[in-house]
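Residue numbers (my numbering), protein chains in the order written: chain F, 1 to 484; chain E, 485 to 715.
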Amino acid sequence: MSKKITIEPVTRVEGHGKVTIKLDDLGRVTESRLHIVEFRGFERFIQGRPYWEAPVLVQRLCGICPVSHHLAAAKALDVIVGAGTGEGLTVTGEKIRRLMHYGQFFQSHVLHFFHLSSPDFLFGIDAAPELRNIIAVAQENRELAYQGIMMRKYGQEVIAATAGKKIHGTGAIPGGVNKNLSLDERDSLLKGPDPMSADKMVEWSLGALDFFKHYHKNNREMVDNYASFPSNHLSLVRKDGALDIYHGVLRAVDNEGRRILNDVDYQDYNHYIEEEVRNWTYMKFPYLKEYGREKGWYRVGPLARLNVCDFIPTPLAQKEFEEFKAYTKGKPNGMSLHYHWARLIEVLHAAEVMRDLLNDPDLQGNDLVVKGKRQEEGVGVIEAPRGTLFHHYKVGDNDLITMANLIVSTTNNNEPMNRAVNATAKAFMNGQQEITEPMMNAVEVAIRAYDPCLSCATHALGQMPLEVTLVNEQDEVIDKKIKG
Amino acid sequence: MADTIKIKIDGKEIITAKGKTILEAATDNGVYIPTLCHFPGVPPKGSCRICTVKVNNRFMTSCSTPVADGMTIDNNHDEIKDYRKSIVELLFISGNHFCPACEKSGNCELQALAYRLGMLVPRFPYSFPNKEVDASSPKIIKEQNRCILCKRCIKTIKDKEGKRYFAFNRRGNHLEVVLDKQMGQAISDKLAQQAMENCPVGSIIYKGKGFSEPIGSRKFDKKPIGSSIEE
Chain F
1 MSKKITIEPV TRVEGHGKVT IKLDDLGRVT ESRLHIVEFR GFERFIQGRP
51 YWEAPVLVQR LCGICPVSHH LAAAKALDVI VGAGTGEGLT VTGEKIRRLM
101 HYGQFFQSHV LHFFHLSSPD FLFGIDAAPE LRNIIAVAQE NRELAYQGIM
151 MRKYGQEVIA ATAGKKIHGT GAIPGGVNKN LSLDERDSLL KGPDPMSADK
201 MVEWSLGALD FFKHYHKNNR EMVDNYASFP SNHLSLVRKD GALDIYHGVL
251 RAVDNEGRRI LNDVDYQDYN HYIEEEVRNW TYMKFPYLKE YGREKGWYRV
301 GPLARLNVCD FIPTPLAQKE FEEFKAYTKG KPNGMSLHYH WARLIEVLHA
351 AEVMRDLLND PDLQGNDLVV KGKRQEEGVG VIEAPRGTLF HHYKVGDNDL
401 ITMANLIVST TNNNEPMNRA VNATAKAFMN GQQEITEPMM NAVEVAIRAY
451 DPCLSCATHA LGQMPLEVTL VNEQDEVIDK KIKG
Chain E
485 MADTIKIKID GKEIITAKGK TILEAATDNG VYIPTLCHFP GVPPKGSCRI
535 CTVKVNNRFM TSCSTPVADG MTIDNNHDEI KDYRKSIVEL LFISGNHFCP
585 ACEKSGNCEL QALAYRLGML VPRFPYSFPN KEVDASSPKI IKEQNRCILC
635 KRCIKTIKDK EGKRYFAFNR RGNHLEVVLD KQMGQAISDK LAQQAMENCP
685 VGSIIYKGKG FSEPIGSRKF DKKPIGSSIE E
């Protein structure tokens, strides 16, 4: 008998979502969907507010990577206050923002790997649910859990020093920043009490990478084939092709590595990107206009960034990048679980960048803000931990916002996540009449690789938990399991 | 000595000058009594009631009550503290005070009082009134969602001829403080900044200031409101 499976809620991701999978009479997967069941509305209620509130207000979309929204909004407002796009800021302004961003990048990636995903690697996808959490990780591998927690703390301290507080600070303002980094703050981050030093973070980042590479080596077939499919990839890159998560130009490559979006100015993003709405989810489906809905969808995030960039401008991460690229013989990597690998290379890169920035005396400069000729419209794009993030605002003559459009990282990954769900459902559920808990977790593992932030993506209400529903071809619910 | 009198505040004997208000006498002697509508140098009205104390067991506003010999004043009783907290709560629920995105956060007297009085959540239901934002002046935004009708701007922001920039408009539930449209067009930077500074909440915003003051250096980041009086 045909079935519809619902996994609700999806766990160990940020936000609330569910998965539905349809099986035909023979138990074969015919359709699967990742639904985002929250609705938020930030794009609407920011309208009518003074423009300088946007970086502080819109970051409340998220408690995990608010700095991304804070900075993307600030970058858009840089344009509006006439401070240009990225390069227009003072040296101190730009470097403080970079430090803030790399700090949050570091903590968010670490949170995802250690707190959310490491249980799957440590205990296995089919381990008992009560084991699959950070507490069990701490009991099984104390050092791993300790490092994860302290690394996250370090990133949070960097944010506090640059933004004013760990979550929802006010550091970035239109045209610059509102503070520099004092010598005391610098010293405590650079060589704080063990283990809170920049060098230790680099050392531990290498250790985390080794942990994953060891797992990969022992589970190569599973890791390489899990929700593996070709796609386009999109991210910001520095003008010289280097990985840059704060500023750059938009570049996309296809599954062969051919450039299909060639280093364009993100102020014109809406010339290149379109969003499709589907009636079963609050999350839109962006795609590259030129290639249409069917062929224009793309991945974003760590895997996409490493597929798109030419090199990483820090030595240790570059070495790892070369190994990563060699694994697919220089071609774009379409293996979903390799997101973790790419993410950990970025963790190492972030640790190196933070260390280098902390040694830079420009951070103690006092020239913090630039202003120029006021503009009516601005776009800010940044590489958030989960991928490319677009903020677009229009501001009236009276300084109130009249239009806001956000394309959030997870939204960009909507199509690939749906494909990953489909691939995993087929691999684990085809021909099965009974849905087991490990099968549901297998689907979640695929979603989790993309580190989705569902609450950001829908601008949310609801509860965090994954629902899997089994329906027959007449849409009758045969079986339903809810987790949460 | 005929000009001095003795009063007691919370059991502490204070010698003060005749003609002073209870609030002035307390402040001179390191006793903090919270205020909101009161503004130094402007005749008190006692309209917000937050400075209420018990004088010889009767509720009175300390900003508008002159001291009298032998007064016994209660400023720290649980009943008084809860009374003040309820006033703050009522102010919160009668407007739309969204501290997380308000640039006055950290410098806001209403927020600072809520912290000082230990307010966690209002005991009254929010009214979510439909208020407007007047951004027509090139220098000032008048944010009606945050106005507590304290009148400080009306009383203190005037031009050289003494003409007021702000005034009450409408009545009853609909009462609001508005910026004169014509005068608002010509207001100077200095006066606009002064208006923001004098406003105890985030209802008068000087355009262009934004969040330029980092967290940690704002008025109430390090010490609670009233600490400077108690030091």
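Beta carbons are placed, not taken as given, at the ideal position from N, Cα and C, and that holds for glycine.
These numbers were taken from a predicted model, which means no experiment stands behind them.
>> For a cutoff of 8 Å on Cβ pairs, would you count Asp360 (chain F) as touching chain E?
In response: Judged by the 8 Å Cβ criterion, Asp360 (chain F) is not in contact with chain E.
>> Within a Cβ cutoff of 6 Å, which residues of the same chain sit near Met403 (chain F), ignoring the five residues on either side of it in sequence?
In response: Only Lys394 meet the Cβ criterion.
> Roughly how many angstroms separate the alpha carbons of Glu157 (chain F) and Ala552 (chain E), rounded to a whole number?
Replying inline: The alpha-carbon of Glu157 (chain F) is positioned some 54 Å away from that of Ala552 (chain E).
> What are the boundary residues of the alpha helix (DSSP H) that Glu508 (chain E) is part of?
Replying inline: In the DSSP assignment, Glu508 (chain E) falls within the alpha helix (DSSP H) that extends over Ile506 to Asp512.
> Is it right to say Asn413 (chain F) is buried, meaning 16 or more other beta carbons lie within 10 angstroms of its own, or is it exposed?
Replying inline: Classification of Asn413 (chain F): buried, given that the 10 Å Cβ count is 16 or more.
> Taking DSSP as the reference, what is the three-state secondary structure of Ala490 (chain F)?
Replying inline: The requested residue 490 (chain F) does not occur in the structure, where chain F is confined to residues 1 to 484.
> Does the distance from the C-beta atom of Pro550 (chain E) to that of Thr505 (chain E) stay below 8 Å?
Replying inline: By the CB criterion at 8 Å, Pro550 (chain E) and Thr505 (chain E) fall inside the cutoff.
>> Let me make sure I understand the geometry here. Which of F:His168, F:Pro193, F:Asn333 and F:Lys191 has the alpha-carbon closest to that of Ile64 (chain F)?
In response: Cα-wise, what sits closest to Ile64 (chain F) is F:His168.
> What distance in whole Å lies between the Cβ atoms of Thr519 (chain E) and Cys547 (chain E), which are believed to be in contact at a cut-off of 8 Å?
Replying inline: Going by Cβ atoms, the distance from Cys547 (chain E) to Thr519 (chain E) rounds to 6 Å, so yes, they are a contact pair.
>> Taking CB distances under 8 Å as the criterion, tell me whether Ile173 (chain F) reaches chain E.
In response: Proximity of Ile173 (chain F) to chain E, defined by a Cβ-Cβ separation below 8 Å, is satisfied.
> Which residues in chain E sit within 8 Å of Asp399 (chain F), going by Cβ to Cβ distance?
Replying inline: Under the 8 Å cutoff, chain E gives Ala619, Ile625 and Lys691.
> According to the Cβ coordinates, are Ile245 (chain F) and Phe113 (chain F) closer than 8 Å?
Replying inline: The beta carbons of Ile245 (chain F) and Phe113 (chain F) sit no closer together than 8 Å.
>> For Gly248 (chain F), would you say it is in contact with chain E, using Cβ-to-Cβ distances shorter than 8 Å as the test?
In response: Nearest CB-CB separation between Gly248 (chain F) and chain E: not below the 8 Å threshold.
> Taking 8 Å as the CB-CB limit, is Ser696 (chain E) close to chain F?
Replying inline: At least one chain F Cβ lies under 8 Å of Ser696 (chain E).
> Can you name the start and end residues of the beta strand (DSSP E) that Ala74 (chain F) belongs to?
Replying inline: Ala74 (chain F) -> not in any beta strand (DSSP E); alpha helix (DSSP H) instead, spanning Pro66 to Ile80.
>> What are the residues in the segment 92–106 of chain F lying within 7 Å of chain E by C-beta distance?
In response: Of all residues in the segment 92–106 of chain F, none has a C-beta nearer than 7 Å to a C-beta of chain E.
> On the three-state DSSP scale, how would you describe Tyr154 (chain F)?
Replying inline: Under the three-state reduction of DSSP, Tyr154 (chain F) is assigned to helix.
>> Looking at chain E, is there any beta carbon in it that lies within less than 8 Å of the beta carbon of Glu53 (chain F)?
In response: Chain E, which has a Cβ nearer than 8 Å to the Cβ of Glu53 (chain F), makes this yes.
> Is any beta-carbon of chain E found at less than 8 Å from that of His391 (chain F)?
Replying inline: The beta carbon of His391 (chain F) does not come within 8 Å of any beta carbon belonging to chain E, so the residue lies off that interface.
> Do you know offhand how far Asn441 (chain F)'s Cα is from Ile125 (chain F)'s?
Replying inline: Our two residues, Asn441 (chain F) and Ile125 (chain F), have alpha carbons roughly 7 Å apart in a direct line.
> What beta strand (DSSP E) runs, 3 residues minimum, are completely inside the segment 586–632 of chain E?
Replying inline: The qualifying runs are 624–627.
> Mind checking whether Trp52 (chain F) and Leu77 (chain F) have CB atoms under 8 Å apart?
Replying inline: The answer is yes: Cβ separation under 8 Å.
> Using the beta-carbon count (16 or more within 10 Å), is Lys674 (chain E) buried or exposed?
Replying inline: Classification for Lys674 (chain E): exposed.
>> So if I threshold CB-CB distances at 8 Å, which residues from the segment 167–197 of chain F count as touching chain E?
In response: Only His168, Gly169, Thr170, Gly171, Ile173, Pro174, Asn178 and Lys179 from the segment 167–197 of chain F bring a Cβ to less than 8 Å from some Cβ of chain E.
>> For Glu697 (chain E) and Val369 (chain F), I'd like the C-alpha separation in whole angstroms.
In response: Cα to Cα, the separation comes out at about 12 Å.
>> If contacts are defined as beta-carbon pairs under 8 Å, then Pro708 (chain E) and Tyr599 (chain E) qualify, I think. What distance do you get, rounded to the angstrom?
In response: At roughly 6 Å, the Cβ-Cβ gap stays under 8 Å, so Pro708 (chain E) and Tyr599 (chain E) are in contact.
>> Would the segment 350–359 of chain F count as touching the segment 201–212 of chain F if we require 3 or more Cβ pairs under 8 Å?
In response: Touching, per the Cβ criterion.
>> Could you compute how far the alpha carbon of Gly579 (chain E) sits from the alpha carbon of Glu627 (chain E)?
In response: Roughly 11 Å separates the two Cα atoms.
>> Going by beta-carbon coordinates alone, are Ser621 (chain E) and Ile671 (chain E) separated by less than 8 Å?
In response: Closer than 8 Å, so yes.
> Residues in its own chain within less than 7 Å of Thr388 (chain F) by CB, not counting five upstream and five downstream?
Replying inline: Once the five neighbours on either side are set aside, the close Cβ partners of Thr388 (chain F) are Leu234, Ser235, Leu236, Val300, Val381, Ser409 and Asn412.
> Under a CB-based cut-off of 8 Å, is Pro50 (chain F) close to chain E?
Replying inline: Chain E contact via Cβ: present.
>> Please tell me whether Phe211 (chain F) and His340 (chain F) are closer than 8 Å, where the distance is taken between their beta carbons.
In response: The Cβ atoms of Phe211 (chain F) and His340 (chain F) do not sit closer than 8 Å to each other.
> Residues bridged to Tyr287 (chain F) by DSSP?
Replying inline: Answer is F:Glu274, bridged to Tyr287 (chain F).
>> Just verifying my parser: in three-state terms, what is the DSSP assignment at His109 (chain F)?
In response: Helix, per DSSP.
> Counting Cβ pairs closer than 8 Å, one from the segment 133–144 of chain F and one from the segment 95–104 of chain F, do we hit at least three?
Replying inline: Contact between the segment 133–144 of chain F and the segment 95–104 of chain F is absent, because fewer than three Cβ pairs lie under 8 Å.
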